[in-house]
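One point on numbering: in our numbering, the residue at position 291 of the sequence shown is 303, and numbering is uninterrupted.
Note that the Cβ used here is the ideal one computed from N, Cα and C, for glycine as well.
In this text, all values refer to a predicted model and were calculated from it rather than measured experimentally.
Below is one structure, written out as structure tokens; the observations come after it.
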Amino acid sequence: MQQNASQAAPPADPSPELAIRRRARRRWAAGAALLLALAMAPVAWWATRGPAAVSYTTAPITRGAVTQTVTATGTVNPVLTIIVGSYISGVIQQLFCDYNTQVRKGQICAKIDPRPYQSVVDQNKANLDIALAQLDKDKATLAYTKLTTDRNASLAARSYTSQDAADSARSLYEQAQAQIALDQATIELRQALLDAAKVNLGYTDIVSPVDGTVVSRNVTMGQTVAATFQTPTLFLIATDLTRMQVDTNVSESDIGAVKEGGRAMFTVDAYPGRVFAGKVVQVRQSPQTVQNVVTYDVVVGVANADLALKPGMTASTQIVIDERTDVVRVPDQALRYAPGGVAAAGPAAANGTQAQARLWLLRNGRAVAVPVVLGLDDDRYTELVSGEVKPGDQAIMSEQRGAASGTRAALPSPRL
Numbered sequence: 013m014q015q016n017a018s019q020a021a022p023p024a025d026p027s028p029e030l031a032i033r034r035r036a037r038r039r040w041a042a043g044a045a046l047l048l049a050l051a052m053a054p055v056a057w058w059a060t061r062g063p064a065a066v067s068y069t070t071a072p073i074t075r076g077a078v079t080q081t082v083t084a085t086g087t088v089n090p091v092l093t094i095i096v097g098s099y100i101s102g103v104i105q106q107l108f109c110d111y112n113t114q115v116r117k118g119q120i121c122a123k124i125d126p127r128p129y130q131s132v133v134d135q136n137k138a139n140l141d142i143a144l145a146q147l148d149k150d151k152a153t154l155a156y157t158k159l160t161t162d163r164n165a166s167l168a169a170r171s172y173t174s175q176d177a178a179d180s181a182r183s184l185y186e187q188a189q190a191q192i193a194l195d196q197a198t199i200e201l202r203q204a205l206l207d208a209a210k211v212n213l214g215y216t217d218i219v220s221p222v223d224g225t226v227v228s229r230n231v232t233m234g235q236t237v238a239a240t241f242q243t244p245t246l247f248l249i250a251t252d253l254t255r256m257q258v259d260t261n262v263s264e265s266d267i268g269a270v271k272e273g274g275r276a277m278f279t280v281d282a283y284p285g286r287v288f289a290g291k292v293v294q295v296r297q298s299p300q301t302v303q304n305v306v307t308y309d310v311v312v313g314v315a316n317a318d319l320a321l322k323p324g325m326t327a328s329t330q331i332v333i334d335e336r337t338d339v340v341r342v343p344d345q346a347l348r349y350a351p352g353g354v355a356a357a358g359p360a361a362a363n364g365t366q367a368q369a370r371l372w373l374l375r376n377g378r379a380v381a382v383p384v385v386l387g388l389d390d391d392r393y394t395e396l397v398s399g400e401v402k403p404g405d406q407a408i409m410s411e412q413r414g415a416a417s418g419t420r421a422a423l424p425s426p427r428l
């Protein structure tokens with residue numbers, strides 16, 4: 013009976029070591045669950061988030077002009093500039109013209125001291141008078157020798173004088189005739205020297221050869237002008253400042269497209285925002301080579317009624333080589349857009365050719381690709397020759413992806 017009673021008794025409590033191991037296993041399981049929850053949090057967040065919001069920058073398809081141009085830098089100059097110089101040397105005695113002086117043809121602008129040249133005129137005039145007097149004297153001698161010759165010839169015929177005397181008289185007569193010819197040549201020489209001296213005296217008056225405006229004065233009163241080797245420049249006179257020209261240099265790669273009569277526009281730094289209109293009046297054949305770069309001079313004529321343009325201004329010129337008016341056009345940037353923000357080089361159409369491309373439009377909030385045929389490109393706009401587009405359609409220029417939309421999943425708290 014005692015043995016059965018001992019078998020029915022409840023089991024004794026576990027040992028303290030076993031209880032400690034069980035508590036450690038529970039804490040380890042709770043930590044592992046926490047680490048697993050933290051690792052799965054990003055996956056759950058990405059699985060529950062909505063698509064990223066995309067916004068587009070657009071520009072409207074418009075109707076207008078597409079103008080293809082050649083760019084060149086040039087200088088504003090008068091159409092005709094006259095260099096007024098001096099043929100003679102001397103001291104500037106008087107000045108009658110200055111910068112911006114309006115002059116008429118034949119007007120005296122300066123005067124060189126005339127006294128040295130007047131002296132030469134007087135000297136040559138005196139020499140001419142001497143030559144004329146000598147001619148008169150020799151004419152009298154000629155007349156006398158003729159009488160002597162005739163008389164001796166008559167006497168010799170009647171044997172009243174010797175033949176030698178008659179021959180001597182004839183010789184003197186012929187010498188007198190030769191002297192007359194010499195005197196006449198001397199007179200012509202003296203007259204020519206006098207005329208040249210008078211011309212030089214006239215050159216002491218520096219006159220304007222044309223009507224115009226003095227744009228440069230390179231001489232002062234009292235200055236000595238030396239014309240020994242070359243004609244010194246005293247004044248520059250522009251014939252008409254109401255008509256100007258721009259002398260530009262166009263590269264050899266572009267010159268083939270530039271034609272006389274073509275339209276041109278240019279700006280100058282003095283008038284920001286103002287565009288001057290002109291016309292190509294001359295494409296010069298002579299090349300200009302600087303450091304192996306070949307250019308050609310293209311002259312653009314322009315009206316200057318208000319005299320705003322000044323000689324020497326630097327002009328940034330655009331010469332029209334092709335143009336389309338009243339055509340459907342798209343900004344070039346739109347042709348470089350591709351979904352995902354990856355820029356693609358827009359197809360460029362060469363002169364007189366067409367190219368195919370894909371244009372992205374924003375329709376009903378979505379990006380839609382439309383095949384188009386491109387025409388002329390002016391680096392700002394491209395002509396749309398054909399395609400399902402019309403003015404007012406919104407062409408996508410770029411895109412921006414914003415913050416993610418949707419809700420973020422809530423993670424349960426780990427149980428410890």
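- Sequence-distant Cβ neighbours of Gly399 in its own chain, meaning closer than 8 Å and more than five residues away, are Leu371, Val382, Pro383, Val384 and Val385.
- Annotation: the continuous alpha helix (DSSP H) that includes Ile192 extends over Gln175 to Gly214.
- Taking 9 Å as the cut-off, the Cβ atoms of Arg378 and Pro343 do not count as close.
- In the DSSP annotation of this structure, the continuous segment of the beta strand (DSSP E) that includes Asp309 starts and ends at Val305 to Ala315.
- The Cβ atoms of Thr260 and Val310 sit closer than 9 Å to each other.
- Annotated three-state conformation of Lys123 is strand, per DSSP.
- Relative to Ala367, the option among Gly387, Ala350 and Pro351 whose CA is nearest is Gly387.
- Contact between Ala71 and Glu335 does not hold, since the beta-carbon distance rounds to 22 Å and is not under 8 Å.
- For the options Val66, Val96, Thr69 and Thr74, the alpha carbon positioned closest to that of Val401 is the one of Thr74.
- Membership of Ala276 in the beta strand (DSSP E) is indicated by the continuous run Arg275 to Val280.
- Nearest to Leu246 by alpha-carbon distance, out of Leu396, Ile124 and Thr85, is Ile124.
- For Gln368, the enclosing beta strand (DSSP E) begins and ends at Ala367 to Arg375.
- Counting C-beta pairs with one atom in each stretch, the segment 146-164 and the segment 202-222 have fewer than three that are closer than 8 Å, which means they do not touch.
- Between Gln130 and Leu213, the CB-CB gap stays under 9 Å.
- Of Ser410, Leu347, Asp318 and Ile408, the smallest CA-CA separation from Leu396 is found for Leu347.
- Following the DSSP letters along the chain, one finds Asp338 inside the beta strand (DSSP E) bounded by residues Thr326 to Pro343.
- According to the DSSP assignment, Asn261 belongs to the beta strand (DSSP E) that extends over Arg255 to Ser263.
- Rounded to whole angstroms, the gap between the alpha carbons of Gln175 and Asp162 is 13 Å.
- For the pair Met233 and Val91, the Cα-to-Cα distance works out to about 29 Å.
- Arg182 and Leu206 have their C-alpha atoms some 36 Å from each other.
- Beta-bridge analysis with DSSP links Lys291 to Arg275 and Gly313.
- Distance from the CA atom of Arg286 to the CA atom of Ala317, rounded to whole angstroms, is 15 Å.
- With a 10 Å radius around the Cβ and a threshold of 16 neighbouring Cβ atoms, Thr81 comes out buried.
- When the alpha-carbon of Lys322 is set against those of Pro299, Val292 and Tyr283, the nearest one is in Tyr283.
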